[in-house]
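Reminder that position 104 of the sequence shown reads as 154 in my numbering, one-by-one numbering, no gaps.
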Amino acid sequence: MSVITNAIINAWQPWLYNCANENKVDEIKKSNKEINKFVCILTILFVAIAPEVLIVLGTKDFVEAKYMVGPVIIGTFFQFLYSYFVLMEMYCKKTIIIAIGSIMAAIVNFYLNMFFIPILGYVVAAYTTMVGYILLMIYHWIAFKLVYKPKIFAEKQILILTFFTPIICFVVMYYYDNLVWRFLISFFIVLIYIYSNKYALFAVINRWSKK
């Protein structure tokens, strides 16, 4: 999933900087909202199909690691979200902020692993990684607001997604042994996404139908 999210961020970066130079706040925010929704849906779907992917790629012992995949994917989602703020820290030439955040996250992750792995086992490493990404997102969000004042991102939506996306993902993980429920939850989420983007999708369909 990180391959997809990194590609999105890398493709979006030049456009973001051009819009920031021209103070096109509304355009950035609108684009940001659409990307956020797409990556949220992508995160949930990746978590939903994790057991089947592991069955295809690994042995029976490897499949037992399915409960580690979900937290890592959720962590990737938070990594994607804080990438917005990192882009603007780079835009403002405040790269020292990025370095400090990475060092702090590495230290926190090291001590969490050192404390919890002997108690709870290797599975907890996935959860400490997720926590590290969550803390990094909070750190970069605060830093971004300090170095760049214009409100160019859909921060209310981001806040909502940071709360509900992990909850939905953990609900999906709860039903890892029930394919029907996982399918129904995923299908329902996709329907919500399609409905919320129906006008944009209709526009694309109409454009293609005229070719």
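Ideal Cβ positions, reconstructed from N, Cα and C, are used throughout, including at glycine.
Can you check whether the CB of Phe194 is closer than 9 Å to the CB of Tyr134?
Taking the first residue of the sequence shown as 1, we reach residue 134 at position 84. Taking the first residue of the sequence shown as 1, we reach residue 194 at position 144. Contact flag set, yes.
Using the three-state DSSP reduction, which class does Gln240 fall into: helix, strand or coil?
Along the sequence shown, read from residue 1 onward, the residue named residue 240 stands at position 190. One detail in the question is off: residue 240 reads as Val in this sequence, not Gln. Correct three-state label for Val240: helix.
Excluding the 5 residues preceding and the 5 following Met118 in the sequence, name in chain order all residues of the same chain whose CB lies nearer than 7 Å to its CB.
Here residue 118 is taken as the residue at index 68 of the sequence shown, counted from 1. Here the set comprises Val173 and Ala176.
Backbone secondary structure at Tyr172 - three-state DSSP
Numbered from its first residue, the sequence shown carries residue 172 at position 122. Here Tyr172 sits in coil by DSSP.
With burial defined as no fewer than 16 other Cβ atoms inside 10 Å of the residue's Cβ, what is the status of Gly151: buried or exposed?
Within the sequence shown, residue 151 is the residue found at index 101, counting from 1. Buried.
Same chain, Cβ closer than 8 Å to Lys261, five either side skipped, listed in chain order:
Mapped onto the sequence shown, residue 261 falls at position 211. Its pLDDT being 49, under 50, Lys261 is placed unreliably by the model, and the measurement read from it follows with that caveat. Nothing listed; no residue qualifies.
Just the C-alpha distance for Ile202 and Ser81, rounded to the nearest angstrom, thanks.
Working through the sequence shown from its first residue, we reach residue 202 at position 152. Working through the sequence shown from its first residue, we reach residue 81 at position 31. Roughly 10 Å between the two C-alpha positions.
Simplified DSSP state of Asp76, which is helix, strand or coil:
Here the question's residue 76 lines up with position 26 in the sequence shown. Asp76 falls in the helix class under three-state DSSP.
Within this structure, are the beta carbons of Ser236 and Ala149 separated by less than 9 Å?
Your numbering for residue 236 matches position 186 in the sequence shown. Your numbering for residue 149 matches position 99 in the sequence shown. No.
Locate the alpha helix (DSSP H) running through Met51, then write down its first and last residues.
Translated into the one-based positions of the sequence shown, residue 51 becomes position 1. It is not in any alpha helix (DSSP H) - Met51 carries neither H nor E in the DSSP assignment.
For the alpha helix (DSSP H) containing Tyr206, list its first residue and its last residue.
What you label residue 206 is simply residue 156 of the sequence shown in a count that begins at 1. Note that residue 206 is Lys in the sequence shown, not Tyr. First-last of the alpha helix (DSSP H) with Lys206: Glu205 to Tyr224.
Residues in its own chain within less than 6 Å of Met180 by CB, not counting five upstream and five downstream?
Walking along the sequence shown from the start, residue 180 turns up at place 130. Closer than 6 Å at the Cβ level, and outside the excluded window around Met180, lie Pro121, Ile124 and Gly125.
Could you spell out where the alpha helix (DSSP H) holding Tyr132 opens and where it closes?
On the sequence shown, residue 132 is found 82 positions in, with the first residue counted as 1. Here the alpha helix (DSSP H) through Tyr132 covers Lys116 to Tyr141.
Rounded separation between Leu196 and Leu137 - CA only
The residue you call residue 196 lines up with position 146 of the sequence shown. The residue you call residue 137 lines up with position 87 of the sequence shown. If you draw a straight line from the Cα of Leu196 to the Cα of Leu137, it is about 14 Å long.
Beta carbon of Val89 nearer than 9 Å to that of Ile58
In the sequence shown, residue 89 corresponds to position 39, counting from 1. In the sequence shown, residue 58 corresponds to position 8, counting from 1. A contact, by the Cβ cut-off of 9 Å.
Taking C-alpha atoms, which residue in Gly171, Met140 and Phe128 lies nearest to Ala70?
Taking the first residue of the sequence shown as 1, we reach residue 70 at position 20. Considering only alpha carbons, the answer is Met140.
Classification of Met223 by the beta-carbon crowding that lies within 10 angstroms, buried from 16 upward:
As a position in the sequence shown, residue 223 is number 173, starting the count at 1. Buried, because 16 or more other Cβ atoms sit within 10 Å of the Cβ of Met223.
Exposed or buried, which one is Leu131 when buried takes at least 16 other CB atoms within 10 Å?
Within the sequence shown, residue 131 is the residue found at index 81, counting from 1. Its Cβ being crowded by 16 or more others within 10 Å, Leu131 is buried.
Between Ile54, Thr93 and Ala100, which lies nearest to Asn228 when the distance is taken from Cα to Cα?
Here residue 228 is taken as the residue at index 178 of the sequence shown, counted from 1. Considering only alpha carbons, the answer is Ala100.
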